[in-house]
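*Asks:*
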Amino acid sequence: MGPRAGRRAPAGTRVVSETYDGFPAAVGVSRLTVYDWPTVDGRPGGGTPHLHLTCSEGYVVTAGRGTVQTLTTSGYEETPLAPGTVAWFTPGTIHRLTNDGGLQITVVMQNSGLPEAGDAVLTLPQDLLTDAETYATAIRIPADAPEAEQVAVARTRRDLATRRFLELREATEGGDPQPLTAFQRAAAELIRPRLDAWEQRWRDGAHAAAAATGAQLDSLRAKDAGHLDRARVTATGPTARARFGMCGRLDVYPGI
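Residue numbering for the sequence shown follows the numbering used here, starting at 51 and increasing by one per position.
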């Protein structure tokens, strides 16, 4: 279900396809059942705190109740979640889902689902953020391990990140911005080697989708509706079900 739109042309030229057949606006979608394991601060369930560096993320709540706890340089907030709630946040927002019972969410992610494809850094202790290999080892859930072992690893990393999140929250609310700033800088350094690949994903996705809309507007102004003859329909189902994610069990979809 990949996009079909022109990539950036050399300076001085404009070659843009009117066709983009990826998911609308090149967003990614997954279905999330938030972890119901009790948390280190007494909540009946919850996800793993983390942030994204180049992507906004949105929640469409389909069942259950809970909150999304967020921490930025502006402070800490809690947003209640219930069926019908739509909530979203911009890059740099540390977020943690809490599950008060049966919380299920359709997650909408910018840049073709990049948050689930690498644009995420968990709030781990600072000594685990020193380099990419150390961090990767700390967050890895062995795909070939028995499910009980995967549960144990996912729960341990969630609790570790939650403790650090609570420390960052306490420092920020106490007027000390340094720990949050240090975490942000470490997160930015961790993802730096991936930026070229992320840029290509953006060019092939969100940039191409927006460029295709511009080309369609130009054509319609010129009384050319030819792109309507190239309409098509696509449907898909999940390629993985109940995968261990950062905040819960995920159903993931191909190409979106």
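Glycine included, each C-beta is placed from N, C-alpha and C at the ideal position. Every value quoted in this text rests on a predicted model; they were computed, and no experiment measured them.
Based on Cα-Cα distance, which residue from Thr148, Leu101, Ala137 lies nearest to Gly92?
*Replies:* If we check each option's Cα against that of Gly92, Thr148 comes out closest.
*Asks:* Are the beta-carbon atoms of Asp71 and Thr289 separated by less than 8 Å?
*Replies:* No; because the gap between Cβ atoms is not below 8 Å, this pair is not in contact.
*Asks:* Let's see if you can read the secondary structure: which residues bound the beta strand (DSSP E) around Arg309?
*Replies:* No information on residue 309 is available, as it lies outside the stretch 51 to 306 that the chain covers here.
*Asks:* Give me the Cβ distance between Thr143 and Leu178, rounded to the nearest whole Å; I'm assuming they're in contact under 8 Å.
*Replies:* Incorrect: roughly 21 Å between the Cβ atoms, too far for contact.
*Asks:* Out of Gly287, Asp169, Gly255, Pro94, which has the shortest C-alpha to C-alpha gap to Thr104?
*Replies:* The option with the nearest alpha carbon to Thr104 is Asp169.
*Asks:* What is the DSSP secondary structure of Arg57, counted as helix, strand or coil?
*Replies:* Since pLDDT at Arg57 reaches only 39, below the 50 mark, its modelled position is unreliable, and the value read off the structure follows with that caveat. In this structure, Arg57 counts as coil in the three-state DSSP scheme.
*Asks:* Name the DSSP bridge partner or partners of Asn149?
*Replies:* DSSP lists Gly116 as partners of Asn149.
*Asks:* Which residue marks the beginning of the beta strand (DSSP E) containing Glu239, and which one marks its end?
*Replies:* From DSSP, Glu239 is part of no beta strand (DSSP E) but of the alpha helix (DSSP H) over 228-241.
*Asks:* How big is the Cα-Cα spacing for Glu249 and Asp226?
*Replies:* Distance between the alpha carbons of Glu249 and Asp226 is about 34 Å.
*Asks:* DSSP three-state call for Ile144: helix, strand or coil?
*Replies:* Three-state DSSP puts Ile144 in a strand.
*Asks:* In three-state DSSP terms, what is Pro130?
*Replies:* Three-state DSSP puts Pro130 in a strand.
*Asks:* Is His277 helix, strand or coil by DSSP?
*Replies:* His277: helix per DSSP, three-state reduction.
*Asks:* Nearest to Glu197 by alpha carbon, out of Arg293, Gln228, Pro304, Phe73?
*Replies:* Nearest of Arg293, Gln228, Pro304, Phe73 to Glu197, Cα basis: Arg293.
*Asks:* Taking Thr83 as the reference, which of Pro304, Met296, Thr222 has the closest Cα?
*Replies:* Closest by alpha carbon: Met296.
*Asks:* Under DSSP, the beta strand (DSSP E) around Arg299 begins and ends at which residues?
*Replies:* It spans 298-302 - the beta strand (DSSP E) in which Arg299 sits, taken as one unbroken run.
*Asks:* Figure out for me which residue from Pro243, Glu107, Arg205, Arg242 has the closest Cα to the Cα of Gly163.
*Replies:* The shortest Cα separation from Gly163 among Pro243, Glu107, Arg205, Arg242 belongs to Glu107.
*Asks:* How far does the beta strand (DSSP E) with Leu82 in it extend, from its first residue to its last?
*Replies:* From DSSP, the beta strand (DSSP E) with Leu82 extends over 78-84.
*Asks:* Express the C-alpha separation of Gly114 and Glu183 in angstroms, rounding to a whole number.
*Replies:* Glu183 and Gly114: Cα-Cα distance of roughly 37 Å.
*Asks:* Identify every residue that forms a DSSP beta bridge with Ala204.
*Replies:* According to DSSP, Ala204 bridges with nothing at all.
*Asks:* Taking only beta-carbon positions, decide if Leu131 is within less than 8 Å of chain C.
*Replies:* Absence of chain C from the displayed structure is noted, only one protein chain being present.
*Asks:* Within its chain, find whatever has a CB closer than 6 Å to the CB of Gly287; leave out the 5 residues flanking it on each side and keep chain order.
*Replies:* Excluding positions up to five away in sequence, the list is empty.
*Asks:* Secondary structure at Arg64, three-state DSSP: helix, strand or coil?
*Replies:* Any reading at Arg64 must be qualified, since the residue scores a pLDDT of 48, below 50, and its modelled position is unreliable; no value is offered.
*Asks:* On the DSSP letters alone, give me the boundaries of the alpha helix (DSSP H) that Trp252 sits inside.
*Replies:* Counting along the chain, the alpha helix (DSSP H) containing Trp252 begins and ends at 245-252.
*Asks:* With Arg293 as the anchor, note down where its beta strand (DSSP E) starts and where it stops.
*Replies:* Element bounds for Arg293: 290-294.
*Asks:* Output needed for Pro175: all residues of its chain with C-beta closer than 6 Å, excluding positions within five of it in sequence on either side, in chain order.
*Replies:* Counting only Cβ-Cβ distances below 6 Å, and skipping sequence neighbours, we find Arg214.
*Asks:* Consider the C-beta atom of Phe233 and the heavy atoms of the ligand HEM; say whether any pair is separated by less than 7 Å.
*Replies:* Of ligands this structure carries none, so the ligand HEM is not represented either.
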